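Undergrad:
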Amino acid sequence: MKDLFLTLPPFAPDYGGACEAMYELGGLVLIHDASGCTVNYVSFDEPRFHDRPGTVFSSGLTEIDAVMGDDNVLIEKAIRTAEILHPNFIAYVGSSVPMVVGTDFEGVAAETEARCGIPTFGFDCNGIHSYVWGAGKALRALADRFCGEKTESRGTLVLGQLPLDDADLGASRRLLTLFPDLRASLSFNCTFDDLRTAQNAERIVVASASGLPCARLLNERYGIPYTVGLPLQKIDHAHGPTLVIGEDVRAQSLAEALGNADALDLFSAAGLAKYHTIDEGEIKTVAAQYDNVIADPCFKPLVNCNFLPMPTVSVTGGIYAETVSPLDPQAIAAYLR
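Per the numbering used here, residue 1446 is the first one in the sequence shown, and the count goes up by one each step.
Laid out in structure tokens, this is it:
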């Protein structure tokens, strides 16, 4: 029972991360569900959907489809839709029910591609893993399939830049200003051509742990060096011990900019943060050791010290606007004690 959330909301799941990584790349994304997971994704986990609706659909899984396991129904739906939309690729994304009935997404993807000729992927998401896992899996698979021969070496490629990691789309856009020689950012403000030419980057910056699998692939295949973390401005302000709670890379980047600070990772366990837990009791115990805590507003009931709210879509679904930006050291310093 210690893993039961009494205060915190459910965080963005793996299927949300996978869909978010593919959102701007012109693919036909089918979440294999009865529409509940799809509604959750477009309503809470995808802030771009309200301004720029994407080609993300529910398969409309019915009880009889689940019982009989007739994958041909799903494949025919995908092919008919692809004939209308002409996508760059097709991606099947799993959810809880397909996990229970044992849907073979790789097999479904292979049969779909054999029948229609469109590159097709199958991601065995289940709603249990974090969005970081799902996004990392999807981004790596796409790069593995579509990145071709290296023809130049120019600019910075940012990997793992997801709106889920920020408070709103404005915050995501401002973070990209950290890179004056930006070549492309996957998967935010990007195109399918940015994906196909990602191998031509001179260097890679991993903005969140969801970008690590793809960065390692491009490093191994093309020799592109990568660094992990955001180049945030140092915060020159005397303050007591501070804890930053959030996604591993983001939290650790801010902790390093602060000095006299540690990070607690909620999602990825990439190995950067000092702590990794999603247990509310452990979060309370760790937070009690610090004078300041920086986290999404929903963590405030777990904290009895000075609290700086820094919302993220992955935790509270975008219901809070950005309070303090990690790019604004003066504003952060004003909160610290």
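C-beta atoms are modelled at their ideal positions from N, C-alpha and C, and glycine is treated no differently.
Here the structure is a predicted model, which means the values were calculated and not measured.
Are the beta-carbon atoms of V1789 and L1506 separated by less than 8 Å?
TA: In the structure displayed, the chain extends from 1446 to 1782; residue 1789 sits before or after that span and is not available.
Undergrad: Could you check the C-alpha separation between T1757 and D1741 for me, to the nearest Å?
TA: Here residue 1757 corresponds to residue number 312 of the sequence shown, with the count starting at 1. Here residue 1741 corresponds to residue number 296 of the sequence shown, with the count starting at 1. Roughly 6 Å separates the two Cα atoms.
Undergrad: Determine, for T1565, whether the minimum Cβ-Cβ distance to residues of chain D falls below 8 Å.
TA: Reference to chain D is not applicable here, since this structure consists of a single protein chain.
Undergrad: DSSP puts S1653 in a beta bridge; with which residues?
TA: Counting from one through the sequence shown, the residue named residue 1653 turns up at place 208. Per DSSP, none; premise fails for S1653.
Undergrad: Under 7 Å Cβ to Cβ from A1700, same chain only, skipping five residues before and after it: list those, please.
TA: Sequence index remark: in the sequence shown, residue 1700 carries index 255 (1-based). Excluding sequence neighbours, A1700 sits near V1689, A1706, D1707 and A1708.
Undergrad: Pick helix, strand or coil for Y1486, following the three-state DSSP scheme.
TA: Position 41 of the sequence shown, counting from 1, holds the residue named residue 1486. Y1486: helix per DSSP, three-state reduction.
Undergrad: Exposed or buried, what is Q1775 when buried is set at 16 or more other beta-carbons lying within 10 Å of its beta-carbon?
TA: Locating residue 1775 in the sequence shown gives position 330, counting from the first residue. Exposed, because fewer than 16 other Cβ atoms sit within 10 Å of the Cβ of Q1775.
Undergrad: Check each candidate in K1729, L1781 and T1730 and name the one with the smallest Cα separation from P1754.
TA: As a position in the sequence shown, residue 1754 is number 309, starting the count at 1. Considering only alpha carbons, the answer is L1781.
Undergrad: Alpha carbon to alpha carbon, how far is H1574 from A1583? Give it in angstroms, no decimals.
TA: Here the question's residue 1583 lines up with position 138 in the sequence shown. Here the question's residue 1574 lines up with position 129 in the sequence shown. Cα to Cα, the separation comes out at about 13 Å.
Undergrad: For a test of the three-state rule: what should DSSP assign to S1698, helix, strand or coil?
TA: As a first step, residue 1698 is located in the sequence shown; it is residue number 253 there, counting from the start. Here S1698 sits in helix by DSSP.
Undergrad: Leaving aside the five residues before and after L1602 along the sequence, list all residues of the same chain whose C-beta is less than 6 Å from its C-beta, in chain order.
TA: Reading the sequence shown from its first residue, position 157 is the one you call residue 1602. Taken in chain order, the residues that qualify are R1628, A1629, A1643, A1646 and I1649.
Undergrad: Quick check: the Cα distance between T1483 and Y1460, rounded to an integer number of angstroms?
TA: Working through the sequence shown from its first residue, we reach residue 1483 at position 38. Working through the sequence shown from its first residue, we reach residue 1460 at position 15. So the two alpha carbons sit approximately 9 Å from each other.
Undergrad: Return helix, strand or coil for T1557, following the three-state DSSP convention.
TA: By one-based count along the sequence shown, residue 1557 stands at place 112. In the structure shown, T1557 sits in a helix (DSSP, three-state: H, G or I).
Undergrad: From the DSSP output, in three-state form, read off F1568 for me.
TA: Reading the sequence shown from its first residue, position 123 is the one you call residue 1568. Here F1568 sits in strand by DSSP.
Undergrad: Give me the Cβ distance between R1590 and C1659, rounded to the nearest whole Å; I'm assuming they're in contact under 8 Å.
TA: Residue mapping note: residue 1590 aligns to position 145 of the sequence shown, counting from 1. Residue mapping note: residue 1659 aligns to position 214 of the sequence shown, counting from 1. Not really, about 12 Å apart at Cβ, beyond 8 Å.
Undergrad: Okay, do the region 1525-1534 and the region 1467-1479 touch, 3+ Cβ pairs below 8 Å being the bar?
TA: Cβ pair count under 8 Å is three or more, so yes.
Undergrad: Quick check on this structure: which residue in G1462, L1604 and G1552 has the alpha carbon closest to the alpha carbon of A1580?
TA: Translated into the one-based positions of the sequence shown, residue 1580 becomes position 135. Of the listed residues, the one whose Cα sits closest to A1580 is G1462.
Undergrad: Name the DSSP bridge partner or partners of P1754?
TA: Position 309 of the sequence shown, counted from the first residue, corresponds to residue 1754. P1754 is bridged to A1740.
Undergrad: Between Y1671 and V1651, how many whole angstroms is the CB-CB distance? I'm expecting something under 8 Å.
TA: Looking up residue 1671 in the sequence shown gives position 226. Looking up residue 1651 in the sequence shown gives position 206. The pair is a contact, with the Cβ atoms about 6 Å apart (cut-off 8 Å).
Undergrad: Do A1714 and I1680 have their C-beta atoms closer together than 8 Å?
TA: What you label residue 1714 is simply residue 269 of the sequence shown in a count that begins at 1. What you label residue 1680 is simply residue 235 of the sequence shown in a count that begins at 1. Not in contact: A1714 and I1680 (Cβ atoms no closer than 8 Å).
Undergrad: Alpha carbon to alpha carbon, how far is A1457 from F1712? Give it in angstroms, no decimals.
TA: Counting from 1 along the sequence shown, the entry for residue 1712 is found at position 267. Counting from 1 along the sequence shown, the entry for residue 1457 is found at position 12. Cα-Cα distance, rounded: 9 Å.
Undergrad: Can you look up I1509 in the DSSP assignment and give me helix, strand or coil?
TA: In the sequence shown, residue 1509 corresponds to position 64, counting from 1. Reduced to three states, the DSSP call for I1509 is helix.
Undergrad: Span of the alpha helix (DSSP H) holding G1615?
TA: Sequence index remark: in the sequence shown, residue 1615 carries index 170 (1-based). First-last of the alpha helix (DSSP H) with G1615: L1614 to L1621.
Undergrad: Would P1454 be called buried (16 or more neighbouring beta carbons within 10 Å of its own) or exposed?
TA: To locate residue 1454, count along the sequence shown from 1; it is residue 9. It counts as exposed.
Undergrad: Where F1550 and I1524 are concerned, what is the direct C-alpha to C-alpha distance, given to the nearest angstrom?
TA: If you number the sequence shown from 1, residue 1550 lands on position 105. If you number the sequence shown from 1, residue 1524 lands on position 79. The straight-line gap from Cα to Cα measures roughly 15 Å.
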